[in-house]
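Scroll down for the structure; my scribbles are underneath it.
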Amino acid sequence: MADIVKVAIVGCGRTGQPLLKELKKHKYIKVVGVADINEKSPGMQFAKKSRIPATKNFMDLAKKGRNVDMIIDVSGNKKVRDTLKKYYKKTKNTHTIIVHELIVRLIMSMSQRLGKLTKTYHPNIKGI
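Here you go:
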């Protein structure tokens, strides 16, 4: 297992920005890129200030291949996850893990010791 986990985030809004800020606190996590269709989203602005590569096209992150250990999809768009799955299958990338928003909500809730699960902004995103 790697000493540093390379992470990419798709969606830098209400869920992605707090996640990005939390990930940046840990030396064993390297955020290798973020994507959001809104270049002015809070997370995109934070990424740029933090010198993290930022793009409007999430496929730029997918094309990093094995240079991404996990790609976290908090975009709220099911088509994003479906496209990522198809792309990784086509390119035979069995290395990169696609992380679901529910997992992010669980981790953020635990790290902030909320005592309850954080709110979802994408209630229609379910399953694989």
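Residues in the sequence shown are numbered consecutively from 102, following the numbering used here. All residues carry an ideal CB built from backbone N, CA and C; glycine is no exception. What you are looking at is a predicted structure, and each value in this text was computed from that prediction instead of being measured.
Nearest to residue i (by Cα), restricted to the options the options
i: ARG182; options: PHE159, PHE147, SER212; result: PHE159
i: LYS131; options: ASN168, VAL175, THR156; result: ASN168
i: MET171; options: VAL133, CYS113, GLY114; result: VAL133
i: VAL135; options: HIS127, LYS128, TYR129, LYS150; result: LYS150
Residue environment, residue i, which counts as buried when at least 16 other CB atoms sit within 10 Å
i: ASP104; result: exposed
i: GLY117; result: buried
i: GLY177; result: buried
i: LEU218; result: exposed
i: GLU202; result: buried
i: GLY216; result: exposed
i: ARG152; result: exposed
i: SER212; result: exposed
i: GLY114; result: buried
i: LEU207; result: exposed
Cα-Cα separation between residue i and residue j, rounded to whole angstroms
i: THR197; j: PHE147; result: 24 Å
i: ILE138; j: ARG214; result: 31 Å
i: THR184; j: GLY144; result: 22 Å
i: THR221; j: LYS122; result: 18 Å
i: VAL108; j: LYS179; result: 20 Å
i: PRO119; j: THR156; result: 18 Å
Residue span of the alpha helix (DSSP H) that contains residue i, given as start and end
i: ASP183; result: 179–191
i: GLU140; result: Looking at the DSSP string, GLU140 is not in any alpha helix (DSSP H), and its letter there is neither H nor E.
i: GLY117; result: 117–125
i: LEU162; result: 160–163
Secondary structure of residue i, DSSP reduced to three states
i: VAL133; result: strand
i: VAL85; result: Nothing about residue 85 can be reported from this structure: the residues present for the chain run from 102 to 229 only.
i: ASP170; result: coil
i: VAL175; result: coil
Element boundaries [beta strand (DSSP E), containing residue i]
i: ILE199; result: 198–200
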